[in-house]
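Q: So in my numbering, the last one in the sequence shown is 246, and the numbering has no gaps at all. The beta-carbon is built from N, C-alpha and C at its ideal position, and this holds for glycine as well. Just so it is clear, the structure is predicted and the values come from calculations on it, not from any experiment. One structure is given below, represented as structure tokens, and several questions about it will come after.
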Amino acid sequence: MEGKVFLSLPELEQTLLELMKPDTEVVAKATALLKKYFKNPECILNLVEHMTCHLDSNIRLLCSICLKKKLTLHWGAIDSEQKEKIKVLFLETYSKEENLKLKENIGGVIAKLAMILVPNKEFDLLFQFLNSKIQSSEIRDQREAVVLLSIIVESLGNLIEDYSDNFHTILKESLQSKDRVLKRAAIKTMTNLSAANIKLHTLLQFQDLLPLIVQVLY
């Protein structure tokens, strides 16, 4: 049986950089090494560190992709203190990220974490974050909230039913905004919500938003 592979932060960085080289042999070796490394629960902490702090957006992007794949597998092995730090780091990183593609990927990582935590109501911080953003006077903050909400709804499906009241408030305020981008993001969220296989009585809670949606579309 193969032993665990350990990589330091610099070693992980170098290995990820090798994935972007044109030499197929180098890429193959890096891929094989990472495959072994990702069996080690400690990989999560290093991936989090690079996704949240690294200056190279390509490294941050690669780490976000890897986290989406490995977070569920290893989350249980992380100690409680680190888990709480990671929740905060993910939300802070999503908020400050300027690269839109990377921001969306970080949103996907947050959604993956929500899939683990929301069923046991262990991610109240997420909904506090969303409510705080939507109540901000800054349009950027409001957009961030609705885009992240859309990603979460798409990923979690009917797991979000218990939070429908929170979503209703966020979507109503977004549809009433003067910002057209925000309104369109809210409609996308509603589309994801309608496809989320949630119960009919939950969907009916949003029927009062239909006139607002019609106003946006027409």
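(1) Helix, strand or coil: how does DSSP classify ASN133 here?
(2) Are LEU90 and LEU130 closer than 8 Å when you measure CB to CB?
(3) Tell me the rounded alpha-carbon separation between SER85 and GLU125.
(4) How many whole angstroms separate the CB atoms of THR100 and ILE138, which I take to be in contact at a CB cut-off of 8 Å?
(5) How would you call SER202, buried or exposed, if buried means at least 16 neighbouring beta carbons within 10 angstroms?
(6) Roughly how many whole angstroms lie between the Cα atoms of ALA105 and PRO69?
(7) Decide if ILE72 is buried, meaning its Cβ has at least 16 other Cβ atoms within 10 Å, or exposed.
(8) For SER222, which option in GLY185, ASP207 and PRO239 has the closest C-alpha, if you only look at C-alpha atoms?
(9) What does the alpha-carbon distance come out to for the pair VAL244 and GLU112?
(10) Which residue marks the beginning of the alpha helix (DSSP H) containing PRO239, and which one marks its end?
(11) From ASN220 to GLN235, what distance separates their C-alpha atoms?
(12) Figure out for me which residue from HIS196, LYS206, SER108 and SER164 has the closest Cα to the Cα of LEU238.
(13) Could you check what DSSP says for MET79 in three-state terms: helix, strand or coil?
(14) Using 8 Å as the Cβ pair cut-off and three pairs as the minimum, do the segment 40 to 47 and the segment 56 to 63 touch?
(15) Using a 10 Å radius around the Cβ and a threshold of 16 neighbouring Cβ atoms, would you call TYR122 buried or exposed?
(16) Report the rounded CA-to-CA distance for ASP54 versus MET48, giving the unit in angstroms.
(17) Let me check understanding here. Comparing Cα to Cα, which of HIS82, ILE167, SER192 and LYS67 lies closest to PRO38?
(18) If you compare alpha carbons, which of HIS78, LEU232 and PRO50 is closest to LEU35?
(19) Rounded to the nearest angstrom, what separates MET29 and HIS102 at their Cα positions?
(20) With DSSP collapsed to three states, give me the class of ASP190.
A: Let me lay it out:
(1) Sequence index remark: in the sequence shown, residue 133 carries index 105 (1-based). ASN133: helix per DSSP, three-state reduction.
(2) As a working note, residue 90 is residue 62 in the sequence shown. As a working note, residue 130 is residue 102 in the sequence shown. Cβ atoms of LEU90 and LEU130: not closer than 8 Å.
(3) Reading the sequence shown from its first residue, position 57 is the one you call residue 85. Reading the sequence shown from its first residue, position 97 is the one you call residue 125. C-alpha separation (whole angstroms): 10 Å.
(4) Residue mapping note: residue 100 aligns to position 72 of the sequence shown, counting from 1. Residue mapping note: residue 138 aligns to position 110 of the sequence shown, counting from 1. Rounded, the Cβ-Cβ distance is 13 Å, inconsistent with contact.
(5) Working through the sequence shown from its first residue, we reach residue 202 at position 174. Counting Cβ neighbours within 10 Å, SER202 comes out buried, since at least 16 surround it.
(6) By 1-based counting over the sequence shown, the position of residue 105 is 77. By 1-based counting over the sequence shown, the position of residue 69 is 41. Counting only the Cα atoms, PRO69 lies some 6 Å from ALA105.
(7) The residue given as residue 72 occupies position 44 in the sequence shown. Buried, since its Cβ has 16 or more Cβ neighbours within 10 Å.
(8) What you label residue 222 is simply residue 194 of the sequence shown in a count that begins at 1. Put simply, of GLY185, ASP207 and PRO239 the residue whose alpha carbon is nearest the alpha carbon of SER222 is GLY185.
(9) To locate residue 244, count along the sequence shown from 1; it is residue 216. To locate residue 112, count along the sequence shown from 1; it is residue 84. Each residue's alpha carbon lies about 39 Å from the other.
(10) Start at 1 with the first residue of the sequence shown, and residue 239 comes out as number 211. Counted as a single uninterrupted DSSP element, the alpha helix (DSSP H) harbouring PRO239 occupies residues 238 to 245.
(11) The residue labelled residue 220 in the question sits at position 192 within the sequence shown. The residue labelled residue 235 in the question sits at position 207 within the sequence shown. Using only the alpha carbons, I get a separation of about 15 Å.
(12) Counted from its first residue, the sequence shown places residue 238 at position 210. Distances from the CA of LEU238 to each of HIS196, LYS206, SER108 and SER164 were compared; the closest alpha carbon is that of HIS196.
(13) Position 51 of the sequence shown holds residue 79. Three-state DSSP puts MET79 in a helix.
(14) yes
(15) For the purposes of this step, residue 122 is taken as residue 94 along the sequence shown, with counting starting at 1. Counting C-beta atoms within 10 angstroms of its own C-beta, TYR122 has 16 or more neighbours from the protein chains shown and is therefore classed as buried.
(16) Position 26 of the sequence shown, counting from 1, holds the residue named residue 54. Position 20 of the sequence shown, counting from 1, holds the residue named residue 48. The residue you asked about is not Asp; residue 54 is Val in the sequence shown. Distance between the alpha carbons of VAL54 and MET48: 9 Å.
(17) Taking the sequence shown and counting its residues from 1, one reaches residue 38 at position 10. Answer by Cα proximity: HIS82.
(18) Here residue 35 refers to the residue found at position 7 of the sequence shown. Per the Cα distances, HIS78.
(19) Sequence index remark: in the sequence shown, residue 29 carries index 1 (1-based). Sequence index remark: in the sequence shown, residue 102 carries index 74 (1-based). Here the model assigns MET29 a pLDDT of 39, short of 50, so the residue's position is not dependable, and the following value carries that caveat. Rounded to whole angstroms, MET29 to HIS102 spans 19 Å at the Cα level.
(20) As a first step, residue 190 must be located in the sequence shown, where it is residue number 162. Three-state DSSP puts ASP190 in a helix.
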